[in-house]
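Just below is one structure, and these are the notes that go with it.
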Amino acid sequence: MTDPLSKRRLKLWVRLLGVTRSAESELREFLRVNHDTTLPRFDVMAALWRRRDGISMTELSRMLLVSNGNATAVVDRLEKDGLVQRTPSQTDRRTIFVSLTSEGVAAFDRYALEHEAEVNRIFGGLTEQDLDQLTDILKRARGAT
Numbered sequence: 001m002t003d004p005l006s007k008r009r010l011k012l013w014v015r016l017l018g019v020t021r022s023a024e025s026e027l028r029e030f031l032r033v034n035h036d037t038t039l040p041r042f043d044v045m046a047a048l049w050r051r052r053d054g055i056s057m058t059e060l061s062r063m064l065l066v067s068n069g070n071a072t073a074v075v076d077r078l079e080k081d082g083l084v085q086r087t088p089s090q091t092d093r094r095t096i097f098v099s100l101t102s103e104g105v106a107a108f109d110r111y112a113l114e115h116e117a118e119v120n121r122i123f124g125g126l127t128e129q130d131l132d133q134l135t136d137i138l139k140r141a142r143g144a145t
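With the numbering used here, the residue at position 41 of the sequence shown is 41, and numbering never jumps.
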């Protein structure tokens, strides 16, 4: 017997993908036009901003759910621009830590304020109750997987 909600779940999945892709596209364009940067660069900087003491490249890759190669390529460009620095581990020469430079912190602080404003613009049509309900529903859905 077929689950009567199966088709509705598929429609929900397509709608979630559409909303996510649309918002991501708008954020990518916003960062490109306003800051000449990319969403992956923003994501790396956000992760490093949260961990001010620095983190290993492996941990950074895990946090961002990307390959070590992808993280390395983004960090290479950020380092070239003076926004991050690499520091060898004192205890394991195979481990490299990465952290924001003072210029990187200042740049991310600017990006983050404007990023938040852009997210608020994108989702500005949602009420506080909408946000609470949607957050609760998505938490339950995530718990079901």
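All C-beta atoms in this analysis are idealised placements derived from N, C-alpha and C, irrespective of residue type, glycine included.
Between S56 and T91, the gap from beta carbon to beta carbon reaches 8 Å or more. DSSP lists S56 and T87 as the beta-bridge partner residues of F97. For V74, the enclosing alpha helix (DSSP H) covers residues N68 to K80.
Annotation: the continuous alpha helix (DSSP H) that includes R142 extends over E128 to G143. Contact between G54 and T87 is confirmed by a C-beta separation of about 6 Å, below the 8 Å threshold. G125 carries a coil assignment under DSSP once its states are collapsed to helix, strand and coil. The alpha-carbon of W49 is positioned some 14 Å away from that of E59.
DSSP places P40 inside the alpha helix (DSSP H), whose first and last residues are L39 to R50. Under a 10 Å Cβ-count criterion, F123 is classified as exposed, with fewer than 16 other Cβ atoms of the shown protein chains found around its own Cβ. Here M63 has A47 and I55 as same chain residues with Cβ atoms under 8 Å from its own Cβ, once five neighbours each way along the sequence are excluded. Comparing C-alpha distances from F42 to each of L12, Q133, V75 and G18 shows the shortest one belongs to V75. D36 sits in coil when the DSSP states are folded into three classes, being neither helix nor strand. Pairwise C-beta distances place the region 13-28 out of contact with the region 94-108, as fewer than three of them are shorter than 8 Å.
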